[in-house]
Amino acid sequence: MKTIRYVLTTLLFLTQVAPVFAEKISLRDLSAYLNGIKTAQFEFSQINGDGSISEGKIYIKRPGRMRFEYNPPNNALVLASAGRLAIFDDKGNQDPVIYPLKRTPLAIILAKDIDLASSPMVVGHKADGAVTVVSVEDPGHPDQGRVDFVFIGPDPVLRQWVVSDASGGSTTMILGDFQTGMALGSSLFNITHNTNSRRD
1294 MKTIRYVLTT LLFLTQVAPV FAEKISLRDL SAYLNGIKTA QFEFSQINGD
1344 GSISEGKIYI KRPGRMRFEY NPPNNALVLA SAGRLAIFDD KGNQDPVIYP
1394 LKRTPLAIIL AKDIDLASSP MVVGHKADGA VTVVSVEDPG HPDQGRVDFV
1444 FIGPDPVLRQ WVVSDASGGS TTMILGDFQT GMALGSSLFN ITHNTNSRRD
């Protein structure tokens, strides 16, 4: 019940602030905001395509590292590290599926020097009422879907993103308040270490 209330409150806030923050945040300002995040952790609520809600925590260590850790009973795990994106399924007893990180939209926010204005992966940039939306997809593989990163302003804050697949389905991830500047151990993001841990 707490999760549903949080999701509804966040969505209501995004609609109510529209008259105040109607102007689009520039790609330059969004890039500066993202470049300022070196390490971060925050909780998320994920609205899945079937309407169910999953929760967990995200850890970021730029450049190149990210961890999506889902709360029990969901045992799924997603890691970005060493130029790869590893997806561990909910069963927890198989090796992960591996993708090149550079072919995923996450690469754009994990880059060493983020420059949204010059990235070929940015295919959209618009103001939508309360928010600024940056749409990202791999131009060489548009069939792999798109991610819409949603920022509120006037000082940029990444508040959610929406993953849309080629079949028309979507998953929305609503982000909690960021904690930044903490030390994060490398083992959190190490794909081999986490693979071995899940086998034990």
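Position one of the sequence shown corresponds to residue 1294 (the working numbering), numbered consecutively onward. Cβ atoms here follow ideal geometry from the backbone N, Cα and C, with glycine treated the same way.
Have a look at residue i and residue j and give me their C-alpha separation to the nearest angstrom.
i	j	result
Ser1411	Ser1490	39 Å
Gln1334	Gln1472	5 Å
Lys1384	Thr1332	29 Å
Lys1419	Ile1351	26 Å
Arg1377	Val1429	18 Å
Leu1372	Ile1346	20 Å
Ile1330	Phe1381	26 Å
Arg1396	Gly1417	17 Å
Ser1479	Asn1367	23 Å
Gly1422	Val1390	38 Å
Can you have a look at residue i and say buried or exposed, based on whether 16 or more other CB atoms are within 10 angstroms of its CB?
i	result
Asn1341	exposed
Met1359	buried
Met1466	buried
Gly1446	buried
Ala1379	buried
Gly1349	buried
Asn1364	exposed
Gln1387	exposed
Asp1256	The structure shown does not extend to residue 1256, since the chain is modelled only from 1294 to 1493, so the question has no answer here.
Met1414	buried
Anyone know if the C-beta pair for residue i and residue j falls short of 7 Å?
i	j	result
Asp1441	Val1424	no
Leu1468	Phe1337	yes
Phe1482	Ile1318	no
(request) Evaluate contact between the segment 1322-1333 and the segment 1403-1420, counting only Cβ atoms and requiring at least three cross-stretch pairs below 8 Å. (result) yes
(message) Is it the case that the segment 1444-1464 contacts the segment 1336-1350, given that we only count it when at least three CB pairs across the two stretches are under 8 Å?
(response) yes
(request) Tell me the start and end of each unbroken alpha helix (DSSP H) in the segment 1393-1423 that is at least 4 residues and wholly inside, in chain order. (result) 1399-1403
(message) Runs of 3 residues minimum, wholly inside the segment 1320-1375: which ones carry the beta strand (DSSP E) assignment?
(response) 1332-1340, 1346-1354, 1358-1363, 1370-1374
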